[in-house]
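Chains as they are written, first to last, in our numbering: chain Y, -2 to 57; chain G, 9 to 396.
Note that CB positions come from ideal geometry on N, CA and C, so glycine has one too.
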Ligand SMILES: Cc1cc2nc3c(=O)[nH]c(=O)nc-3n(C[C@H](O)[C@H](O)[C@H](O)COP(=O)(O)OP(=O)(O)OC[C@H]3O[C@@H](n4cnc5c(N)ncnc54)[C@H](O)[C@@H]3O)c2cc1C
Ligand code: SF4
Ligand code: SF4
């Protein structure tokens, strides 16, 4: 499992939450959290994030 | 037991809550953020026709600047000037506007609570579990209205909404800037082109006194981020060199994927939670408030009859599609065609079209004119037919 977020970049806009097909993400007061059990590493959240805060899989 | 729990105190949630409270229903609105309206996820533009249609009496302190038109730039720098002698729209301050909307709901009798997060639905959507200061409690109600915006997990829970198709979402990013040279302080500036904003555009929305929201919305499935494109646009423009950034915003805009069904038993979704935005410019304030008004009418009747089943609430689907959905569907087609255009096509159109044409197109009117023009571009014939 590799879903990572750069919390310094994240603006807490919820864009990633909206496009997650498995409801693995949630926007909380402390930023976005992932439910690793649910994440299927589809990459949607990484693509849509306006600031590039999320990295899924091993592209980098 | 409450009559209605509304999840989310954005424009859509506060609109439906106000109307239902005015009818005498016992309504509570939960908002998870500590401050309603902040930080904004919005360029803050609202047209005068929307304000009239919605019957909103927006106080002056929420209206930052009046607009009388727009300057639309094609990739080669040519521009189309849209001008009206009257005010055609406003740039709002969402922080105060959203709070004003919440105040209206509260004055009508609804109970609004900030920093209260809805974490689950009760069985049959007869209420919610809400978390306030770390404590969870059950709040029973006759029905639930989801107005949680794009990230509405509540709407997802009922399977009314799925937004995982990246082709129909835009990724947005914005700076509120001050000390900026504006071309015209009463006109929106819009910039198109593959270099500037692939399958989208850059906007400059003046907020008065050399302030503006400078933002971008681009297709959600690109390799580079919205931030990347906006930063480049700003770097390449000398006139931003003296400007300062006073706020940074981002967000996702559901520019496609209008929903046929927005209800379940004892449940309705309004606003961004139901993908109700204008597919061409991404405006959702008007759509959210309008949907709230329509939903309240249907909910009010259903509550009175004591029948809030899906079958009864489906009237909302029909009414919304009749009033908003059909015209938004036309605009959606326009969007599909625009996405097929390359820079040369855009430059060509900028020469052939005037301000009135552009105004009409964004409302889904006279699209056949655009279709006919595109028929003259051999590789655009297929797209052109969609508009004829
Ligand atoms: C970059 C950008 C620019 C835009 N520019 C414009 C523009 O110029 N003009 C325009 O008309 N529209 C614009 N939009 C769209 C507009 O901002 C939205 O369509 C509008 O805010 C939708 O209103 P809403 O009430 O549906 O949702 P929101 O305004 O998003 O409100 C939903 C609220 O629900 C809350 N919430 C969510 N989940 C829960 C929960 N579980 N419990 C409690 N509360 C919850 C959220 O915190 C939020 O405050 C823009 C959007 C973006 C991203
Ligand atoms: S889309 Fe990006 S910026 Fe927005 S909440 Fe998700 S990670 Fe943060
Ligand atoms: S990679 Fe896909 S499944 Fe995993 S959190 Fe992101 S959007 Fe959800």
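Please state the DSSP three-state secondary structure of residue 404 (chain G). The first residue shown for chain G is 9 and the last is 396, placing residue 404 (chain G) beyond what the model contains.
Report yes or no: is there a C-beta of chain Y within less than 7 Å of the C-beta of residue 270 (chain G)? Residue 270 (chain G) sits at position 262 when you count from the first residue of the second chain. So, not an interface residue.
Please list the segments of the beta strand (DSSP E) lying wholly inside the region 213 to 242 of chain G, counting only runs of 3 or more residues, in order along the chain. 219 to 227
So, at 6 Å on beta carbons, what are the nonlocal neighbours of residue 354 (chain G) in its own chain, with the 5 sequence-adjacent residues on each side left out? Position 346 of the second chain holds residue 354 (chain G). So the qualifying residues of the chain are 82, 83 and 200.
Residues of chain Y with CB closer than 7 Å to the CB of residue 229 (chain G), please, in chain order. For the purposes of this step, residue 229 (chain G) is taken as residue 221 along the second chain, with counting starting at 1. What residue 229 (chain G) touches in chain Y: 44.
Only counting the same chain, and skipping five residues up and downstream in sequence, which positions put a Cβ closer than 6 Å to that of residue 304 (chain G)? By 1-based counting over the second chain, the position of residue 304 (chain G) is 296. Same-chain partners within the cutoff: 24, 27 and 28.
Does the pairing of the region 139 to 159 of chain G with the region 62 to 73 of chain G give three or more beta-carbon distances under 8 Å? no
Among residues of its own chain, excluding the 5 on either side of residue 189 (chain G), which ones have a beta-carbon nearer than 7 Å to its beta-carbon? As a working mapping, residue 189 (chain G) is identified with position 181 in the second chain. Correct list, in chain order: 247.
Measuring alpha carbon to alpha carbon, tell me which of G:242, G:198 and G:227 ends up nearest residue 185 (chain G). Translated into the one-based positions of the second chain, residue 185 (chain G) becomes position 177. Comparing Cα positions, the closest option is G:242.
To the nearest angstrom, report how far apart residue 232 (chain G) and residue 173 (chain G) are at their CA atoms. Counting from 1 along the second chain, the entry for residue 232 (chain G) is found at position 224. Counting from 1 along the second chain, the entry for residue 173 (chain G) is found at position 165. Answer to the nearest angstrom: the Cα atoms are 18 Å apart.
When you measure from the CB of residue 12 (chain Y) to every non-hydrogen atom of ligand 2, does any distance come out below 6 Å? One-based indexing of the first chain puts residue 12 (chain Y) at position 15. Within the cutoff, so yes.
Secondary structure of residue 6 (chain Y), DSSP reduced to three states: On the first chain, position 9 is the one that residue 6 (chain Y) refers to. It is coil, neither helix nor strand.
Taking only three categories from DSSP, how would you classify residue 104 (chain G)? Position 96 of the second chain, counted from the start, is the residue given in the question as residue 104 (chain G). Of the three classes helix, strand and coil, the one that applies to residue 104 (chain G) here is helix, per DSSP.
Evaluate residue 340 (chain G) with the Cβ neighbour count: other Cβ atoms within 10 Å of its Cβ, from every protein chain shown; 16 or more gives buried, anything less gives exposed. Locating residue 340 (chain G) in the second chain gives position 332, counting from the first residue. Looking at its Cβ environment, which holds 16 or more other Cβ atoms inside 10 Å, residue 340 (chain G) is buried.
Interface positions of the region 169 to 185 of chain G facing chain Y (Cβ-Cβ less than 8 Å), listed along the chain: 170, 171, 172, 174, 177, 179, 180 and 181
I'd like to confirm something about residue 158 (chain G): is its beta-carbon nearer than 6 Å to some heavy atom of ligand 3, or not? In the second chain, counting from the first residue as 1, residue 158 (chain G) sits at position 150. Incorrect: residue 158 (chain G) has no Cβ contact closer than 6 Å to ligand 3.
Tell me residue 178 (chain G)'s beta-bridge partners as DSSP assigns them. Position 170 of the second chain, counted from the start, is the residue given in the question as residue 178 (chain G). DSSP lists G:227 and G:261 as partners of residue 178 (chain G).
Cα-Cα separation between residue 210 (chain G) and residue 88 (chain G), rounded to whole angstroms: Start at 1 with the first residue of the second chain, and residue 210 (chain G) comes out as number 202. Start at 1 with the first residue of the second chain, and residue 88 (chain G) comes out as number 80. Rounded to the nearest angstrom, the two C-alpha atoms are 15 Å apart.
Residues of chain Y with a CB under 7 Å from the CB of residue 49 (chain G): which are they? Along the second chain, one-based indexing puts residue 49 (chain G) at 41. What residue 49 (chain G) touches in chain Y: 10.
Considering only their Cβ atoms, is the gap separating residue 51 (chain Y) from residue 42 (chain Y) smaller than 7 Å? For the purposes of this step, residue 42 (chain Y) is taken as the residue at position 45 of the first chain. For the purposes of this step, residue 51 (chain Y) is taken as the residue at position 54 of the first chain. Contact flag set, yes.
Alpha carbon to alpha carbon, how far is residue 70 (chain G) from residue 90 (chain G)? Give it in angstroms, no decimals. The sequence position of residue 90 (chain G) within the second chain is 82, counting from 1. The sequence position of residue 70 (chain G) within the second chain is 62, counting from 1. Taking the straight line joining both Cα atoms gives about 25 Å.
What is the rounded straight-line gap between the Cα of residue 228 (chain G) and the Cα of residue 29 (chain Y)? In the second chain, counting from the first residue as 1, residue 228 (chain G) sits at position 220. In the first chain, counting from the first residue as 1, residue 29 (chain Y) sits at position 32. Straight-line Cα distance between these residues: approximately 19 Å.
Could you confirm whether any beta carbon from chain Y is found closer than 7 Å to the beta carbon of residue 164 (chain G)? Position 156 of the second chain, counted from the first residue, corresponds to residue 164 (chain G). Yes, because at least one Cβ of chain Y sits closer than 7 Å to the Cβ of residue 164 (chain G).
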